[in-house]
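In this note's numbering, the protein residues as written are 25 to 264. Idealized CB from N, CA, C, for every residue including glycine. Everything numeric in this text was worked out from a predicted model, so none of it was measured. Following: one structure in structure tokens, then a few remarks.
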Amino acid sequence: MPLVYVQPDNQTVAEEFAQWLVDWAKEQDQDKITIALSGGSTPKVLFKILAEQYADAMPWDKLHFFWGDERCVPPNDEDSNFKMTKELLLDPIDFPVDQTHRVMGEINPEDAARAYEKVIAEVVDHEDGWPVFDLIMLGMGSDGHTASIFPHEMELLEADTVCAVAAHPESRQKRVTLTGKVLNHARQICFLVTGDSKKEKVYEILKQEGNYQDYPAAHIQPIDGQLSWNLDEAAVALLK
Ligand code: 6PG
Numbered sequence: 025m026p027l028v029y030v031q032p033d034n035q036t037v038a039e040e041f042a043q044w045l046v047d048w049a050k051e052q053d054q055d056k057i058t059i060a061l062s063g064g065s066t067p068k069v070l071f072k073i074l075a076e077q078y079a080d081a082m083p084w085d086k087l088h089f090f091w092g093d094e095r096c097v098p099p100n101d102e103d104s105n106f107k108m109t110k111e112l113l114l115d116p117i118d119f120p121v122d123q124t125h126r127v128m129g130e131i132n133p134e135d136a137a138r139a140y141e142k143v144i145a146e147v148v149d150h151e152d153g154w155p156v157f158d159l160i161m162l163g164m165g166s167d168g169h170t171a172s173i174f175p176h177e178m179e180l181l182e183a184d185t186v187c188a189v190a191a192h193p194e195s196r197q198k199r200v201t202l203t204g205k206v207l208n209h210a211r212q213i214c215f216l217v218t219g220d221s222k223k224e225k226v227y228e229i230l231k232q233e234g235n236y237q238d239y240p241a242a243h244i245q246p247i248d249g250q251l252s253w254n255l256d257e258a259a260v261a262l263l264k
């Protein structure tokens, strides 16, 4: 069963998760901690808090940042998850470039996926042939997608590649995403999901009711790791 944490609002979700993340990182005894960050808007508050309040507390020198997914756009594009993270977190704390492993959104998507797989193969620990991230942060869309695994591409949950090229269902924007087996091999999987627009899917997934099997986020079940859902009151409104 996942751990479910509910806070009053998205700011408090971010504040509580930031403190948990720092405590967790400090407890890790390995000298390299691999973390795949989520994109979109939810993590923005978290990244600001980490930069402003934990610049001195977090063992940044041990962390290696990856992204769970990236839009196939240049790194200075407004849509880039890397750009958002760079502005809110990496630049303010002067995070080491050689510990930053972005998807090359500016090149051909298939080439970007293969190049990203190579970096993951070099940097991330592996078990039974799969990369095992120490922690993967995930968001969830109002359609139940996570990373860039969308309901119309459920096969990416079982893909035998580490990365895949996905397409946003409406915009058709190409994305590079970690695939389902990589997500489920992580030691810690942390969903951060807030807001009224997510409440239907949160309800169906956590209650395992309705069409929850149609939502990629429902299939994130760690093989050996720990799963947590970090939610605000708006996102759990139907569970009350
Ligand atoms: C992305 C994200 C995506 C995101 C969800 C939720 O690249 O957009 O990785 O999976 O986490 O779409 O996005 P919001 O946090 O903006 O609701």
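Return the CA-CA distance between Glu76 and Gln123, expressed in angstroms with no decimal places. 20 Å
Hey, would you say the C-beta of Arg126 is under 7 Å away from at least one heavy atom of the ligand SAM? The ligand SAM is absent from the structure shown, which contains only the ligand 6PG.
Taking the alpha helix (DSSP H) that Ala210 belongs to, which residues open and close that run? Neither: Ala210 is in no alpha helix (DSSP H) and is coded neither H nor E.
With the cut-off set at 8 Å, would you say Met178 and Phe215 are in Cβ contact? no
Measure the beta-carbon distance from Ala171 to Leu202 and round it to whole angstroms, keeping in mind my assumption that it falls under 8 Å. Sure, about 6 Å apart at Cβ, within 8 Å.
Take Val69 as the anchor and find which of Gln43, Gln197, Gly129, Glu39 has the nearest alpha-carbon. Glu39
Give the single residue among Phe89, Thr185, Ala42, Ala145 whose Cα lies nearest to the Cα of Ile73. Ala42
Spatial neighbours of Gly129 within its chain, please: CB distance less than 8 Å, with the 5 preceding and 5 following residues excluded, ordered by chain position. Excluding positions up to five away in sequence, the list reads Glu94, Arg95, Cys96, Val97, Pro98, Pro99, Asp101, Ser104, Phe106, Ala136, Val200.
Val189 - DSSP class collapsed to helix/strand/coil: strand
Contact test: His176 Cβ vs the ligand 6PG heavy atom, cutoff 7 Å: no
Given a cut-off of 8 Å, decide if Phe119 and Trp84 are closer than it, judged by their beta-carbon atoms. yes
Considering only C-alpha positions, which residue in the set Ala188, Gln212, Val189 is nearest to Leu162? Distances from the alpha-carbon of Leu162 to those of Ala188, Gln212, Val189 put Gln212 closest.
What does the Cβ neighbour count give for Asn34, buried or exposed, with the cut at 16 atoms within 10 Å? buried
Indicate whether Ile173 and Gly204 have their beta-carbon atoms separated by less than 8 Å. Judged by their CB atoms, Ile173 and Gly204 are nearer to each other than the 8 Å cut-off.
Is the beta carbon of Leu87 closer than 8 Å to that of Ile117? Not closer than 8 Å, so no.
Residues in its own chain within less than 6 Å of His169 by CB, not counting five upstream and five downstream? Pro240
May I ask you to report which of helix, strand or coil DSSP gives Pro155? strand
Do you know offhand how far His209's Cα is from Asp167's? 23 Å
Contact belief for Leu255 with Val37 at Cβ below 8 Å, rounded distance in angstroms: 7 Å
Using a Cβ-Cβ cut-off of 7 Å (strictly less than) and excluding sequence neighbours within five positions of Tyr140, which residues of its own chain qualify? Val127, Cys187, Val200
Measuring alpha carbon to alpha carbon, tell me which of Lys198, Gln52, Ala258, Val206 ends up nearest Ala183. Val206
Leu112 and Phe89: beta carbons closer than 8 Å? Cβ distance not < 8 Å, so Leu112 and Phe89 don't count as in contact.
Is Asn132 near the ligand 6PG, going by C-beta to nearest heavy atom under 7 Å? no
With the cut-off set at 8 Å, would you say Thr109 and Thr218 are in Cβ contact? no
Complete runs of the alpha helix (DSSP H) confined to the segment 82 to 124 [at least 4 residues]: 105 to 109
Confirm the yes/no value for this check: CB of Ala60, any heavy atom of the ligand 6PG, distance under 7 Å. no
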